[in-house]
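**Q** Residue numbers (our numbering), protein chains in the order written: chain A, 1 to 283; chain B, 1001 to 1269. Take a look at this one; I'll ask things after.
Structure representation (structure tokens):
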């Protein structure tokens, strides 16, 4: 049987190959497209940010409004990412370790925020907490600001980044099965101990990647945040909103120096993703 | 296995509080509208024009992303050349790059003084930025990873013995591609295109900088929702948002049916 396959191996490989001119043409199209369409924008962010030199770059980033937007962006990420991480782990645990009715519905509902336009994601929080929203009167009577303030930005960001961690964990934990966990439990380990010593080491890279994706989106979200923020300089502008304001005022260095921070974050995310895939491919 | 009750209760409470209750505001708000008011909002000429712009540009962009995405996936799966891994990693850039960054950088590249904008203007007389074409360019950028990442795994798992069989029976490479490979990949390609399309219709950040936002010409639906909200016209914003969701839903349903048909034809199920 083996010799048969080997004898035809050479012939069948050539049957799978495209003619050389096809290969060259298609590869050139693909490479040109990726370079021009995907790589060029990334390079241009850095080029524009440093077009007036390093001093101008540092000066633009130490502008009080820029610093305030960095602080707010970090605050939003710190409030958002841990909550969605805990949720992602809990959801993945419930969905992959147990059978219950409505499981596939639950899995679909978790993905819901991905299929809603960012602008609509902002709109729903305005409908809840805005001046004429559900809780608008009550909130203004108690002098609590949600919309055009930090709480609204955090809520909209939690909504937008809701599925990220769960989505990375569910397929992995499904594939893993739970024999190892059952073994630990039957040997007398507690539930938490099993989770930390058996489950967590197995899912740590996927978890890290999910957290990083969630964080990148939390720091970079624009549409939803733009609806609930009100664009108050130095107060409710996150980094992406600061980019918008600077760009619209023709402050190229201001816009692109802030953009370079977020671009760097995107590159780190991509590197980690490649690393994770390489790691999984080896294991 | 322990922890079922706490894990599921937390999941459900969090889901209801963060996702379901906020989304339900759309439904309740639209129930307050009577049908005539709704029709009056939606049939406004400027709003109809924005729907045309949004859906048409998303449609064209998702088709273009489909063509190039398919070529890229094919090249990445079937051919080997140096630097392939790096190119493969770059495909996800539009997923990872914040939309506002993509928006300002694309606008800078394609504006009349930008490096591609000037080249296209001088050589072909094509104006990209501040026209509907600019919207299409931004949406191709956003849509490309959806196509590549849906087609890639299907191409990888494609059973090459079918190709070998076709070829050993005397089919030319082109016939093998048309009759054997493409019909099997087509459903995945459709999924990728529809994902790109759905994302494109709702896209805001990467579009508004390059679009120029001229009423009736390059104004997208999400921008009109924001304009309504800035005027505290919650009813108007909700009516537009709901219409957008319903149209997208119907279109995706149609694409799903098309996919089912394609799958039946190629004998998969």
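Just so it is clear, CB atoms sit at the ideal spot from N, CA and C, and this is done for glycine as well.
According to DSSP, is residue 1213 of chain B part of a helix, a strand, or is it coil?
**A** Within the second chain, numbered from 1, the residue matching residue 1213 of chain B stands at position 213. Coil, per DSSP.
**Q** Going by beta carbon distance, what residues of the same chain come within less than 7 Å of residue 194 of chain A, once the five residues before and after it are set aside?
**A** The residue given as residue 194 of chain A occupies position 194 in the first chain. Cβ neighbours of residue 194 of chain A beyond the five flanking positions: 181, 184 and 185.
**Q** Please report the residue range of the alpha helix (DSSP H) in which residue 45 of chain A lies.
**A** Numbered from 1 along the first chain, position 45 holds the residue referred to as residue 45 of chain A. First-last of the alpha helix (DSSP H) with residue 45 of chain A: 40 to 49.
**Q** Taking residue 1070 of chain B as the query, report the chain A residues whose CB atoms sit under 7 Å from its CB, ordered along the chain.
**A** Walking along the second chain from the start, residue 1070 of chain B turns up at place 70. The contacting residues do not exist; residue 1070 of chain B stays about 10 Å from chain A at best.
**Q** For my contact list, residue 26 of chain A and residue 1075 of chain B are in at a C-beta cut-off of 8 Å; report their separation, rounded to the angstrom.
**A** Start at 1 with the first residue of the first chain, and residue 26 of chain A comes out as number 26. Start at 1 with the first residue of the second chain, and residue 1075 of chain B comes out as number 75. With 8 Å as the limit, residue 26 of chain A and residue 1075 of chain B qualify as a contact, their Cβ atoms being about 5 Å apart.
**Q** How would you label residue 1199 of chain B, buried or exposed, when you count the other beta carbons within 10 angstroms and need 16 or more for buried?
**A** As a first step, residue 1199 of chain B must be located in the second chain, where it is residue number 199. When all chains shown are included, residue 1199 of chain B counts as buried.
**Q** I need the straight-line Cα distance from residue 128 of chain A to residue 138 of chain A, nearest angstrom please.
**A** If you number the first chain from 1, residue 128 of chain A lands on position 128. If you number the first chain from 1, residue 138 of chain A lands on position 138. Distance between the alpha carbons of residue 128 of chain A and residue 138 of chain A: 11 Å.
**Q** Among A:93, A:250 and A:120, whose alpha-carbon lies nearest the alpha-carbon of residue 1010 of chain B?
**A** For this step, residue 1010 of chain B is matched to residue 10 along the second chain. Here the closest residue by C-alpha is A:93.
**Q** Give the residues from the region 164 to 177 of chain A that approach chain B closer than 7 Å (Cβ to any Cβ), ordered along the chain.
**A** Under the 7 Å Cβ criterion, the region 164 to 177 of chain A contributes no residue.
**Q** What span of residues does the alpha helix (DSSP H) with residue 65 of chain A cover, start to end?
**A** Residue 65 of chain A sits at position 65 when you count from the first residue of the first chain. Where residue 65 of chain A is concerned, the enclosing alpha helix (DSSP H) stretches over 64 to 97.
**Q** Going by the CB atoms, is the gap between residue 1234 of chain B and residue 48 of chain A shorter than 8 Å?
**A** As a working note, residue 48 of chain A is residue 48 in the first chain. As a working note, residue 1234 of chain B is residue 234 in the second chain. No. Outside cutoff.
**Q** Please work out which residues of its chain come closer than 8 Å, Cβ to Cβ, to residue 1112 of chain B, disregarding the five sequence neighbours upstream and downstream, and give them in chain order.
**A** As a position in the second chain, residue 1112 of chain B is number 112, starting the count at 1. 1118, 1121, 1127 and 1129.
**Q** Return the CA-CA distance between residue 166 of chain A and residue 114 of chain A, expressed in angstroms with no decimal places.
**A** As a first step, residue 166 of chain A must be located in the first chain, where it is residue number 166. As a first step, residue 114 of chain A must be located in the first chain, where it is residue number 114. So the two alpha carbons sit approximately 12 Å from each other.
**Q** By the DSSP assignment, the alpha helix (DSSP H) with residue 242 of chain A in it spans what residues?
**A** Taking the first residue of the first chain as position 1, residue 242 of chain A is located at position 242. Counting along the chain, the alpha helix (DSSP H) containing residue 242 of chain A begins and ends at 239 to 248.
**Q** Taking residue 205 of chain A as part of the alpha helix (DSSP H), name the residues at either end of that continuous run.
**A** Here residue 205 of chain A refers to the residue found at position 205 when the first chain is read from its first residue. Segment 200 to 220, the alpha helix (DSSP H) holding residue 205 of chain A.
**Q** Indicate whether residue 19 of chain A and residue 1173 of chain B have their beta-carbon atoms separated by less than 8 Å.
**A** Position 19 of the first chain, counted from the start, is the residue given in the question as residue 19 of chain A. Position 173 of the second chain, counted from the start, is the residue given in the question as residue 1173 of chain B. Result yes, Cβ atoms of residue 19 of chain A and residue 1173 of chain B sit closer than 8 Å.
**Q** Determine the extent of the alpha helix (DSSP H) in which residue 173 of chain A is found, giving its start and end residues.
**A** For the purposes of this step, residue 173 of chain A is taken as the residue at position 173 of the first chain. Looking at the DSSP string, the run of the alpha helix (DSSP H) that includes residue 173 of chain A is 164 to 176.
**Q** Rounded to whole angstroms, what's the CA-CA distance from residue 258 of chain A to residue 247 of chain A? Just pull it up for me.
**A** Within the first chain, the letter at position 258 stands for residue 258 of chain A. Within the first chain, the letter at position 247 stands for residue 247 of chain A. The alpha-carbon atoms of residue 258 of chain A and residue 247 of chain A are separated by roughly 10 Å.
**Q** Do the CB positions of residue 214 of chain A and residue 161 of chain A come within less than 8 Å of each other?
**A** Your numbering for residue 214 of chain A matches position 214 in the first chain. Your numbering for residue 161 of chain A matches position 161 in the first chain. Going by C-beta atoms, residue 214 of chain A is nearer than 8 Å to residue 161 of chain A.
**Q** Going along the chain, which residues of the region 23 to 41 of chain A sit with their C-beta nearer than 7 Å to a C-beta in chain B?
**A** So the close ones are 23, 26, 27, 29, 30, 31, 33, 34, 37, 38, 39, 40 and 41.
**Q** Within this structure, are the beta carbons of residue 1194 of chain B and residue 1144 of chain B separated by less than 8 Å?
**A** Locating residue 1194 of chain B in the second chain gives position 194, where the first residue counts as 1. Locating residue 1144 of chain B in the second chain gives position 144, where the first residue counts as 1. No, they are not a contact pair.
**Q** Identify the continuous alpha helix (DSSP H) that holds residue 1032 of chain B and give its terminal residues.
**A** Indexing the second chain from 1 puts residue 1032 of chain B at position 32. Premise fails: residue 1032 of chain B is in no alpha helix (DSSP H) and is neither H nor E.
**Q** Do the region 1134 to 1141 of chain B and the region 1059 to 1073 of chain B touch if we need at least three Cβ pairs shorter than 8 Å?
**A** Yes, the region 1134 to 1141 of chain B is in contact with the region 1059 to 1073 of chain B.
**Q** Here's the rule: buried if 16 or more other CB atoms are within 10 angstroms of the residue's CB, otherwise exposed. What is residue 199 of chain A?
**A** The residue you call residue 199 of chain A lines up with position 199 of the first chain. With 16 or more other Cβ atoms within 10 Å, it is buried.
**Q** Do the region 1204 to 1219 of chain B and the region 214 to 223 of chain A make contact, defined as three or more Cβ pairs closer than 8 Å?
**A** Taking 8 Å as the limit for Cβ pairs, the verdict is that the region 214 to 223 of chain A does touch the region 1204 to 1219 of chain B.
**Q** Helix, strand or coil for residue 101 of chain A? Go by DSSP, reduced to three states.
**A** By one-based count along the first chain, residue 101 of chain A stands at place 101. The answer is coil: DSSP assigns residue 101 of chain A none of H, G, I, E or B.
**Q** Is the region 1146 to 1153 of chain B touching the region 1180 to 1192 of chain B in the sense that three or more CB pairs, one from each, lie closer than 8 Å?
**A** A contact exists between the region 1180 to 1192 of chain B and the region 1146 to 1153 of chain B.
**Q** Could you tell me how far apart the beta carbons of residue 231 of chain A and residue 66 of chain A are, in whole angstroms, since I believe they sit closer than 8 Å?
**A** Position 231 of the first chain, counted from the first residue, corresponds to residue 231 of chain A. Position 66 of the first chain, counted from the first residue, corresponds to residue 66 of chain A. That belief does not hold up - the Cβ atoms of residue 231 of chain A and residue 66 of chain A are roughly 15 Å apart, past 8 Å.
**Q** Given a threshold of 16 other Cβ atoms within 10 Å of its Cβ, counted over all protein chains shown, does residue 1175 of chain B qualify as buried or as exposed?
**A** For this step, residue 1175 of chain B is matched to residue 175 along the second chain. Under this definition residue 1175 of chain B is an exposed residue.
**Q** Quick one: any contact between the region 1026 to 1045 of chain B and the region 1241 to 1248 of chain B, if contact means 3 or more CB pairs under 8 Å?
**A** They touch, by the three-pair rule.
**Q** Is there at least one Cβ from chain B nearer than 8 Å to residue 52 of chain A's Cβ?
**A** Within the first chain, residue 52 of chain A is the residue found at index 52, counting from 1. Taking Cβ atoms only, chain B never reaches closer than 8 Å to residue 52 of chain A, which makes this a no.
**Q** Counting only C-beta atoms, is residue 245 of chain A closer than 8 Å to chain B at any point?
**A** Here residue 245 of chain A is taken as the residue at index 245 of the first chain, counted from 1. Taking Cβ atoms only, chain B never reaches closer than 8 Å to residue 245 of chain A, which makes this a no.
**Q** Near residue 284 of chain A, what residues of its chain come up, given a Cβ to Cβ distance below 7 Å and the 5 sequence neighbours on each side ignored?
**A** The question about residue 284 of chain A has no answer here: the residues shown for chain A are numbered 1 through 283.
**Q** State yes or no: is the beta carbon of residue 1052 of chain B nearer than 8 Å to at least one beta carbon in chain A?
**A** Stepping through the second chain from its first residue, residue 1052 of chain B is reached at position 52. Judged by the 8 Å Cβ criterion, residue 1052 of chain B is not in contact with chain A.
**Q** Can you tell me the Cα-Cα spacing of residue 1147 of chain B and residue 189 of chain A, whole angstroms?
**A** Walking along the second chain from the start, residue 1147 of chain B turns up at place 147. Walking along the first chain from the start, residue 189 of chain A turns up at place 189. Going by the C-alpha atoms only, they are around 45 Å apart.
**Q** Output yes if chain A places a C-beta closer than 8 Å to the C-beta of residue 1261 of chain B; else output no.
**A** To locate residue 1261 of chain B, count along the second chain from 1; it is residue 261. Answer no: the Cβ-Cβ gap between residue 1261 of chain B and chain A never drops below 8 Å.
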